[in-house]
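In UniProt numbering, the protein residues as written are 1 to 313.
Presented below is the structure to which this report refers.
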């Protein structure tokens, strides 16, 4: 709408408000990169109002949304009947969601009564405790893992990959992919590497970063990897972006408690990652651990996250 309103939440001034954003549109903006291509990095936050009807009575809330987090920053003391009317307008089907876009009446009320120089006492900040990510049970050491199988040597060189080749690639290595190979199940043998930064897969003879690099363009991602290697990570200086096969080898066949198709020893904060693969005739390939899939997108997308790997031999 082109209106740069601001709202005071405690001592913080938040601006602008995105009047076009809604709970329904967040998937296309923040989780499905075939949707609205508008977020460039995780420092970019979008603020929008929505009606929360999960409780006994509906609430008007202010949401802060970024690629890696979504949090309600404030509840607005709005007239109850106005919010109930907004909920009733959604219809029967929408009630399965219980989080709704505001209507024009609520938007106009906010502009008149709350935003800019309005009544800040109507804005109640929501204080959340900092989340400590569950990294799962302790991994075994090498001796306890007792791996005696054959090491699988995955491709390590950058590749060009056509869409028609994906199915065969997935089946060749028995990689799980929610759409093209849902029966796949590549079994890793993950072991403790003596620190909280890395993990080793004995099946592939690869060492992995347990968390990763923040969302960025491919150019900035390569720069970030070079900086990691200059400083060293866990004492090593030869970290790189994984190939398609290496990244897909980590894909689990079901979601863990954090909602991603990965072993819980890996952070959930890198939901989809760059891989060393270009698409023919154009674009980049990504491995999406949130949706359990391998997908491509053009070079115009905001970017991807990074989870680095290194070969042990």
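Note that the Cβ used here is the ideal one computed from N, Cα and C, for glycine as well.
Given that a residue counts as buried once 16 or more other Cβ atoms are within 10 Å of its Cβ, and exposed if not, what is residue i?
i           : result
residue 296 : buried
residue 267 : buried
residue 153 : exposed
residue 106 : buried
residue 50  : buried
residue 127 : exposed
residue 168 : exposed
residue 58  : buried
residue 263 : buried
residue 35  : With a pLDDT of only 41 at residue 35, under the threshold of 50, the placement of this residue in the model should not be trusted, and no figure is reported.
residue 79  : exposed
residue 242 : buried
residue 96  : Any reading at residue 96 needs caution, since the residue's pLDDT is 46, under 50, leaving its predicted position unreliable; the model's value is listed next. Under this definition residue 96 is an exposed residue.
residue 4   : exposed
residue 71  : exposed
residue 165 : exposed
At what residues does the beta strand (DSSP E) containing residue i begin and finish?
i           : result
residue 61  : 59 to 65
residue 124 : 123 to 125
residue 309 : 309 to 311
residue 275 : 272 to 279
residue 12  : 12 to 14
residue 110 : No beta strand (DSSP E) holds residue 110; the alpha helix (DSSP H) holding it covers 104 to 113.
Can you tell me which of the options puts its alpha carbon nearest to the alpha carbon of residue i?
i           : options            : result
residue 250 : 89, 54, 19, 210    : 210
residue 125 : 50, 12, 78, 289    : 12
residue 101 : 24, 59, 4          : 24
residue 293 : 151, 261, 304, 277 : 261
residue 272 : 213, 104, 183, 113 : 213
residue 134 : 196, 65, 221, 115  : 196
residue 69  : 276, 258, 208      : 258
residue 87  : 113, 60, 76, 72    : 60
residue 111 : 277, 298, 16       : 16
residue 115 : 99, 129, 77        : 77
residue 179 : 291, 132, 275      : 291
residue 393 : 182, 149, 231, 190 : The chain is shown from 1 up to 313; residue 393 falls before or after that span and cannot be answered.
Thinking C-beta only, is residue j closer than 9 Å to residue i?
i           : j           : result
residue 202 : residue 142 : yes
residue 192 : residue 138 : yes
residue 120 : residue 8   : yes
residue 160 : residue 245 : no
residue 279 : residue 157 : no
residue 204 : residue 188 : yes
residue 170 : residue 248 : yes
residue 81  : residue 103 : no
residue 66  : residue 46  : yes
residue 221 : residue 304 : yes
residue 306 : residue 216 : yes
residue 99  : residue 53  : yes
On the DSSP bridge list, what partners appear for residue i?
i           : result
residue 294 : 287
residue 47  : 64
residue 199 : 192, 208
residue 213 : 306
Is the CB of residue i under 9 Å away from at least one CB in chain D?
i           : result
residue 112 : Checking the listed chains, one finds no chain D in this structure; it contains a single protein chain.
May I ask which residues mark the beginning and end of the alpha helix (DSSP H) holding residue i?
i           : result
residue 73  : No alpha helix (DSSP H) holds residue 73; the beta strand (DSSP E) holding it covers 70 to 76.
residue 8   : Residue 8 -> not in any alpha helix (DSSP H); beta strand (DSSP E) instead, spanning 7 to 9.
residue 220 : 218 to 231
residue 145 : 142 to 145
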